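Protein chains in written order, with the working numbering: chain A, 221 to 1115; chain B, 609 to 721.
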């Protein structure tokens, strides 16, 4: 232990003892004390030097380091500008990285908070599915299974400790008179056992809870929801109304468990068998329907089994079931499709991160973002290296002096490293702030903060580790440089002065060029993402959304019958229309610009393109005044009115693209059409201009609309649109809430927001990339500019005598200024060119998330180059001016 | 530092073996080691403190010596060195090799006469 050995060492004491004894001996031999001291002094030499020699033998330890640190702190305090820029630059790079690494980890890499997550596998079976398919956030449509298939697989499987099934299920919850809409998850009884979960309170769901349809009226609460809604009080045994159905709370999941899908944190877990009690039963395929695909499956491998072994073990019975039971059920399938259906096989994917489409969607953007922030860190590190180099150059004399009075190279290195360590610690702390700030920025860009899983944990660790590593690396390199013998001999004024400093200058110039190149890459990428966002937002969607609010109601969940729902919708529209300031109210069954659409087959009078013709068309069921309320232009005919009721003749409105696809040309009005079957019993009464109904990104699809009163089934859910003046939105929101509460206080309003907010929610990916990359690119550019400025200023200082000579020999100030700018231009052009070519390589990878532009977009590249040139000019002005102001007389006297 | 003086041109490594020899009888502090070396060599060898102390600490670091603070007869604390078992083996080995070397050198010097 160092303190013990240090106490034992007491090198100074030991030598002092020797010294004193020598004197005493002289005195004992009769020498006068003063004379004895003089002799010993001559004989003994420098006691400090002996002590140092002993220390060299023993090796340096903590006390040296402490001295170094104290010295480093003092040095940094003397140069606060250097310290501030170094710390801020590095903290920017490190903090941004820490945050992004945490985000990437949280979303893409973090395994589920369950025991042995690597034993989990997701079960999918790609191939055709005919019937109803229900998929979404949890997984792709090729991953869903029917309920009977789940039960079959559960029964026949031998390779797993269990197979679990789950499906997302939004619910209306009422507790003590307050109604909210919440995220639910229907889970099989095996769900929690397969995951190996323990409750925080009460019990979890188990096999007893999914034996018979509707039997177990129990729910388990998500931990975050329990905390938020119930304030952590013990609610086990309480009754909570789910979709109008009283259910008993039996437990709460553990705090770490956030479900098995990134981006979907369930508030309540409900037995899968309650689906047919809680949902609008008539709209729900019965439990034994094999052609209704809606369950996601995962399983836990038995210990020792490989994925391939398990796959084979499950595939054989699966294919038997497909061929024996399911093939006969398929009607109207072509032979080719049926062959594909028969060939469907089981595939097992690693399931340690659960099932989520969000992971897949976020992979490319997040990876790019991580690469981006890494580059920012590199630029920042180079800048700091450059700063430290400059400092080392200006301190060479001091270092040389220390070397010549006997400090070893190791001591000097240790000293410079101590300075780096002090910077490292401060940097790590500041990085934490930057990381938090980055994370807040990111979270603020998400439509729903819950999309971001808990990511706080790794941040301090990452920031600390990266900060320390980066600062040390940054410090080590200049330390090596600084202690190179020739640099030092150079400063001692021996031959080779020029060689040493030239190496240093060249190094600094290379660093500055690299910084310019990298920031060029960042600026171009940020430009691409920003233009992509502008493209997404800027294209004319064909509707006027300013001042339009939208919200949803799902009375079916609260047990409303269809006629009761219809009556509710009518009353609601009338009452909202009566609110002051409302200039239009309408409704549709599919929310606009939310990524949802419905597809069917269209049959149109006069359109005969053969049996196998593509008849796909999107459709929606809408209320009267829909197009007026959303600012969509009706080109021909009319829009729906209250007169288009259940008993009135069936009518439809089509968009331009529909008219084109089905060969209607300009004579659409009055033609007849029908969905699904060629009965042609609906009359087309209007044509609207193409507008984006599903997504601002996708091209407009052929689409027709029918009044929801004439729809196939009276809907149990509806989305409403309310147009008012854009500055009256606040009071409008309050008015809408009041109206709904007045009609039914148990009915939660879903996602009341402006249509513009909905659009923003749809463009989260573009927004995140654009905002984050732009912020980082600009900061990197500033950092690079500082680097460039530092290099030029250094060059001017180095060449002051030379400039003096030149001016004495007749060079004008203009020429001197030009000399600096030439240097600047050399760095900028080289850096810019390298940056451009790197950006073109990296941009190719970004192509798939760019909307409406190529990665080599000329405008973006040109603007980036302009920005770079401008910044370089600014960085060059001051050094150039300083060079031009050199006084030849003083410059020549210098040194 | 001053590692050479007119009187003490010691061969590299010689000081180490001399120190081991002097320490061998029992606990002894640095000052006494210096005195004893001078005395035993009839003042031929005068070891500079600048060489002695680094040597002592080097031997301690090699675990040939161990050191402890203890009171001297005058009551003042000093650092006392003793030989470890390893040190004793080293002393033996080095003495043998030294004797071989000096016999060889003497032999050469004698034939050269």
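Glycine is no exception: its CB is placed at the ideal position from the N, C-alpha and C atoms.
In this text the structure is predicted, and so the values were computed from the model without any measurement.
- DSSP, reduced to helix, strand and coil, places residue 874 (chain A) within a strand of the structure shown.
- When 8 Å is used as the limit between beta carbons, residue 237 (chain A) is near these residues of chain B: 637, 638, 639, 684, 685, 686 and 687, in chain order.
- Under the Cβ criterion of 8 Å, residue 260 (chain A) is not counted among the residues facing chain B.
- Residue contact check for residue 264 (chain A) against chain B: a CB pair falls below 8 Å.
- When DSSP assignments are scanned along the region 918-965 of chain A, the uninterrupted stretches of beta strand (DSSP E) that are 3 or more residues long and fall wholly within it turn out to be 923-927 and 938-943.
- A Cβ of chain A is located within less than 8 Å of the beta carbon of residue 669 (chain B).
- Taking 8 Å as the CB threshold, residue 248 (chain A) stays off the interface with chain B.
- Under the DSSP assignment, residue 770 (chain A) falls in the beta strand (DSSP E) whose first and last residues are 768-773.
- With contacts defined as CB atoms closer than 8 Å, residue 690 (chain B) and residue 634 (chain B) qualify as a contacting pair.
- Take the alpha-carbon of residue 1001 (chain A) and the one of residue 1046 (chain A): they are about 17 Å apart.
- Taking the CA atoms as reference points, residue 1020 (chain A) sits about 11 Å from residue 1036 (chain A).
- In the structure shown, residue 794 (chain A) adopts helical secondary structure according to DSSP, grouped into three states.
- In this structure, residue 652 (chain B) and residue 623 (chain B) do not form a Cβ contact; the two beta carbons are roughly 14 Å apart against a cut-off of 8 Å.
- For residue 662 (chain B), the C-beta contacts it makes with chain A under 7 Å involve 273, 274 and 277, in order along the chain.
- In this structure, residue 578 (chain A) sits away from residue 340 (chain A), with a CB-CB distance that is not shorter than 8 Å.
- Scanning A:451, A:463 and A:421 for the CA closest to the CA of residue 469 (chain A) turns up A:421.
- Looking at the DSSP output, residue 674 (chain B) shares a beta bridge with B:690.
- Cα atoms of residue 977 (chain A) and residue 817 (chain A): separation of roughly 19 Å, rounded to the nearest angstrom.
- For residue 646 (chain B), no CB of chain A lies under 8 Å from its own CB, so it is not counted at the interface with that chain.
- Excluding the 5 residues flanking it on each side, residue 840 (chain A) has same chain C-beta neighbours closer than 6 Å at 808, 810 and 925, in chain order.
- For the pair residue 364 (chain A) and residue 561 (chain A), the Cα-to-Cα distance works out to about 14 Å.
- No Cβ-Cβ contact shorter than 8 Å links residue 906 (chain A) with residue 866 (chain A).
- In the DSSP assignment, residue 976 (chain A) falls outside any beta strand (DSSP E) and lies within the alpha helix (DSSP H) extending over 975-982.
- Beta-bridge partners of residue 443 (chain A) (DSSP): none assigned.
- Listed along the chain, the chain A residues whose CB falls inside 8 Å of the CB of residue 702 (chain B) amount to none; the nearest CB is some 19 Å away.
- Under the Cβ criterion of 8 Å, residue 657 (chain B) is counted among the residues facing chain A.
- In terms of Cα proximity to residue 997 (chain A), the closest of A:591, A:516, A:647 and A:398 is A:591.
- Straight across, the Cα-Cα distance linking residue 883 (chain A) with residue 750 (chain A) is about 39 Å.
- With a cutoff of 8 Å on beta-carbon distance, residue 821 (chain A) and residue 943 (chain A) are scored as not near each other.
- In terms of beta-carbon proximity, residue 253 (chain A) stays away from the interface with chain B, with every pair separated by 8 Å or more.
- Closest in C-alpha terms to residue 856 (chain A), from the list A:538, A:234, A:874 and A:743, comes A:874.
- Under the three-state reduction of DSSP, residue 300 (chain A) is assigned to helix.
- If you draw a straight line from the Cα of residue 737 (chain A) to the Cα of residue 1053 (chain A), it is about 7 Å long.
- At a Cβ-Cβ threshold of 8 Å, residue 1012 (chain A) and residue 1044 (chain A) count as neighbours.
- Among the CB atoms of chain B, none fall inside 8 Å of the CB of residue 336 (chain A).
- Less than 8 Å divides the Cβ of residue 877 (chain A) from the Cβ of residue 910 (chain A).
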